[in-house]
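Participant: Quick one: structure below, then a few questions.
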Amino acid sequence: MKNIAGLMKQASQMQKKMEEMQATLESMTLEGTAGAGMVTITLNGKGEMRGVKIDPKLADPAEMEMLQDLIVAAHADARRKIEAAAAAEMQKVTGGLSLPGGMKLPF
Numbered sequence: 001m002k003n004i005a006g007l008m009k010q011a012s013q014m015q016k017k018m019e020e021m022q023a024t025l026e027s028m029t030l031e032g033t034a035g036a037g038m039v040t041i042t043l044n045g046k047g048e049m050r051g052v053k054i055d056p057k058l059a060d061p062a063e064m065e066m067l068q069d070l071i072v073a074a075h076a077d078a079r080r081k082i083e084a085a086a087a088a089e090m091q092k093v094t095g096g097l098s099l100p101g102g103m104k105l106p107f
């Protein structure tokens, strides 16, 4: 029974660390850019878009399609950064152990 108590304690500690990590991720803001900084997207740690900055030069109606493509590219860049930050935080919590396939953060 001693081992079960130890496992329960470890599980409780791991849960606390996971909650702390999720709070850390939620408080993060990361920026993704496209078009050499002409479009910048800001996301929170959950991947929700919090802001868009667009260089005024792109407001030309003839450039709208490019502007739309750059917004999508900047969002993808920011999402990649969020995923990398989440993976780094998970490594801290799990001590370098890999999660089973299909498990992602935040849950």
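Take 1 as the starting number for the sequence shown in full-length UniProt numbering and just add one per residue. For every residue, glycine included, the Cβ atom is placed at its ideal position computed from N, Cα and C.
(1) Taking Met49 as part of the beta strand (DSSP E), name the residues at either end of that continuous run.
(2) To the nearest angstrom, how far is it from the Cα of Leu25 to the Cα of Gly45?
(3) If I'm right that Gly29 touches Leu43 with Cβ under 8 Å, what's the distance once you round it to whole angstroms?
(4) Use the C-beta contact count for Val72: other C-beta atoms within 10 angstroms, 16 or more gives buried, fewer gives exposed.
(5) Is it the case that the Cβ atoms of Gly35 and Ala11 are separated by a distance below 9 Å?
(6) Is the segment 15-23 touching the segment 54-73 in the sense that three or more CB pairs, one from each, lie closer than 8 Å?
(7) Measuring straight from C-alpha to C-alpha, what distance separates Ala86 and Lys92?
(8) Alpha carbon to alpha carbon, how far is Ser27 from Arg80? Give it in angstroms, no decimals.
Facilitator: A quick look at the data gives this:
(1) 49-54
(2) 5 Å
(3) Residue 29 is actually Thr in this sequence, not Gly. Correct: roughly 7 Å between the Cβ atoms.
(4) exposed
(5) no
(6) no
(7) Answer to the nearest angstrom: the Cα atoms are 10 Å apart.
(8) 17 Å
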